[in-house]
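Residue numbers (this note's numbering), protein chains in the order written: chain A, 1 to 113; chain B, 114 to 411.
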């Protein structure tokens, strides 16, 4: 069983505070890359974009070959550089239309696993 | 922290610009009617956007009348009025926020500014009482924000934590005029990032001044030797905030004023960033250049 299963559930239901608390108790995990990636998602959900950027970077550095982490990292970099704002927005708006969890779009849409 | 949310006039069609102005003048007139002539000085571009967004989402009918400007009777203006709550709400936000801003200025400014703020606050006091009585929720939200802001500054908070009080405030204010439940969630997120953007651009704009006076600034730990490197970092933070803001903006069911609101989001925000972060320093560079030139000829 995935040790982060519950964290992921909490994130997808928008309970970021709870997810963060749970993650904090799992700090010593073997899978530091995933831990950082999930912290990035939690921060994203809370709107703490600087933390999200830092955690996302750590996840990508720990496992650069992981497609999910890489995609997240690249999306963030693109947003920070300010390019293609509108196109991204259209894609994101499409994929979570009706869900209304627009703040987790970026993370959830990329998380296809 | 007022006046950062503005349309980029150059890219707005004339009829849309006139419509925008009529909302601005309409809000001014509404303030005068609700709270008396002196409350008009609290008028801001940000509250105009708030009124416009609220009118658009609630499908309020807007009627325009011609009249004379109260501040400049020689000028003829168009005044927009709606059949809903939008103007009353935006006016109350304007008065309440200005009152608290003055209160804050009195606490942490030099002598002259303090004295000025003291008088403005005294003038606004009655207006504030009236607005707070009508909208106790807004009063509570703003007063909470001020408390949390002070706390964050005391703890020398970083970017995310320092921006949170303003972000949460605008988020809560946007929820107040939500037309339905599904839009409430979108507005909550949209408001959060609008508030965050406003707070952070204000902080970046004031960075140099704050460093000089040793005041709190969330970007002060990120300062690098070269001012343009520092500003590039601030710009990245603002860019990311703006792109999150756009994500939720796209989900809002905007009806009227779409052209103007689109202009503010897609053109106004980036151009304001450029103006506050880069153009300001470019100008000082050219004066240096001329200074250098005159010295050379001497």
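Each residue gets a CB set at the ideal place from its N, CA and C atoms; glycine is no exception.
Keep in mind the model is a prediction, meaning the values are calculated, not measured.
Proximity winner among the options, relative to residue i (alpha-carbon distances)
i, options, result
"residue 178 of chain B", "B/135, B/145 and B/214", "B/135"
"residue 302 of chain B", "A/75, A/49 and A/20", "A/49"
"residue 47 of chain A", "B/395, B/382, B/357 and B/244", "B/357"
"residue 289 of chain B", "B/363, B/201 and B/327", "B/201"
"residue 209 of chain B", "B/342, B/154 and B/169", "B/154"
"residue 365 of chain B", "B/331, B/299 and B/260", "B/299"
"residue 198 of chain B", "B/347, B/385, B/169 and B/215", "B/169"
"residue 44 of chain A", "B/130, B/273, B/225 and B/167", "B/273"
"residue 296 of chain B", "B/159, B/171 and B/260", "B/171"
"residue 239 of chain B", "B/259, B/205, B/257 and B/258", "B/205"
"residue 79 of chain A", "B/390, B/348, B/371 and B/389", "B/348"
"residue 81 of chain A", "B/188, B/344 and B/231", "B/344"
"residue 287 of chain B", "B/116, B/215, B/160 and B/122", "B/160"
"residue 25 of chain A", "A/7, A/71, A/83 and A/2", "A/7"
"residue 214 of chain B", "B/180, B/256 and B/190", "B/256"
"residue 124 of chain B", "B/380, B/389 and B/271", "B/380"
"residue 315 of chain B", "B/390, B/263 and B/325", "B/390"
"residue 261 of chain B", "B/325, B/173 and B/278", "B/278"
Cβ-Cβ distance between residue i and residue j below 8 Å
i, j, result
"residue 305 of chain B", "residue 280 of chain B", "yes"
"residue 55 of chain A", "residue 69 of chain A", "no"
"residue 79 of chain B", "residue 254 of chain B", "Nothing about residue 79 of chain B can be reported from this structure: the residues present for chain B run from 114 to 411 only."
"residue 212 of chain B", "residue 241 of chain B", "yes"
"residue 120 of chain B", "residue 377 of chain B", "yes"
"residue 373 of chain B", "residue 355 of chain B", "no"
"residue 115 of chain A", "residue 385 of chain B", "Residue 115 of chain A falls outside the range modelled here, since chain A spans only 1 to 113, and no answer is possible."
"residue 311 of chain B", "residue 118 of chain B", "yes"
"residue 183 of chain B", "residue 139 of chain B", "no"
"residue 283 of chain B", "residue 307 of chain B", "yes"
"residue 62 of chain A", "residue 32 of chain A", "yes"
"residue 333 of chain B", "residue 323 of chain B", "yes"
"residue 29 of chain A", "residue 3 of chain A", "yes"
Length of the line joining the Cα atoms of residue i and residue j
i, j, result
"residue 375 of chain B", "residue 163 of chain B", "14 Å"
"residue 251 of chain B", "residue 351 of chain B", "27 Å"
"residue 97 of chain A", "residue 292 of chain B", "Note that residue 97 of chain A scores 39 on pLDDT, short of 50, meaning its location in the model is unreliable; the coordinates nonetheless yield the value given after this. Near 18 Å, if we compare the C-alpha coordinates of residue 292 of chain B and residue 97 of chain A."
"residue 132 of chain B", "residue 192 of chain B", "9 Å"
"residue 223 of chain B", "residue 369 of chain B", "44 Å"
"residue 90 of chain A", "residue 227 of chain B", "Note on residue 90 of chain A: pLDDT 48, under 50, position unreliable in the model; the coordinate value appears next. Distance between the alpha carbons of residue 90 of chain A and residue 227 of chain B: 47 Å."
"residue 38 of chain A", "residue 149 of chain B", "52 Å"
"residue 367 of chain B", "residue 243 of chain B", "31 Å"
"residue 58 of chain A", "residue 64 of chain A", "10 Å"
"residue 151 of chain B", "residue 141 of chain B", "11 Å"
"residue 143 of chain B", "residue 175 of chain B", "14 Å"
"residue 207 of chain B", "residue 387 of chain B", "26 Å"
"residue 317 of chain B", "residue 195 of chain B", "36 Å"
"residue 137 of chain B", "residue 126 of chain B", "17 Å"
"residue 361 of chain B", "residue 225 of chain B", "42 Å"
"residue 221 of chain B", "residue 313 of chain B", "19 Å"
"residue 346 of chain B", "residue 52 of chain A", "15 Å"
"residue 66 of chain A", "residue 73 of chain A", "11 Å"
"residue 319 of chain B", "residue 230 of chain B", "19 Å"
"residue 158 of chain B", "residue 294 of chain B", "27 Å"
"residue 217 of chain B", "residue 335 of chain B", "25 Å"
"residue 232 of chain B", "residue 392 of chain B", "34 Å"
"residue 237 of chain B", "residue 395 of chain B", "38 Å"
"residue 115 of chain B", "residue 129 of chain B", "22 Å"
"residue 14 of chain A", "residue 180 of chain B", "50 Å"
"residue 84 of chain B", "residue 371 of chain B", "Only positions 114 to 411 of chain B appear in this structure, which leaves residue 84 of chain B out of reach."
"residue 85 of chain A", "residue 235 of chain B", "Reliability fails at residue 85 of chain A, whose pLDDT of 49 lies under 50, so the model's placement of it is uncertain and no value is given."
"residue 219 of chain B", "residue 263 of chain B", "14 Å"
"residue 18 of chain A", "residue 189 of chain B", "57 Å"
"residue 36 of chain A", "residue 271 of chain B", "19 Å"
"residue 156 of chain B", "residue 338 of chain B", "38 Å"
"residue 245 of chain B", "residue 5 of chain A", "46 Å"
"residue 259 of chain B", "residue 309 of chain B", "15 Å"
"residue 20 of chain A", "residue 173 of chain B", "41 Å"
"residue 321 of chain B", "residue 83 of chain A", "27 Å"
"residue 71 of chain A", "residue 147 of chain B", "52 Å"
"residue 359 of chain B", "residue 325 of chain B", "34 Å"
"residue 16 of chain A", "residue 23 of chain A", "10 Å"
Nearest-angstrom beta carbon gap, residue j and residue i [assumed within contact, 8 Å]
i, j, result
"residue 11 of chain A", "residue 34 of chain A", "About 12 Å separates the two Cβ atoms, so there is no contact after all."
Legend entry - Validate contact between the region 314-332 of chain B and the region 262-276 of chain B using beta carbons, cut 8 Å, 3 pairs: yes
Legend entry - Against chain C: residues of the region 283-308 of chain B by CB proximity under 8 Å: Included in the structure are the protein chains A and B, with no chain C among them.
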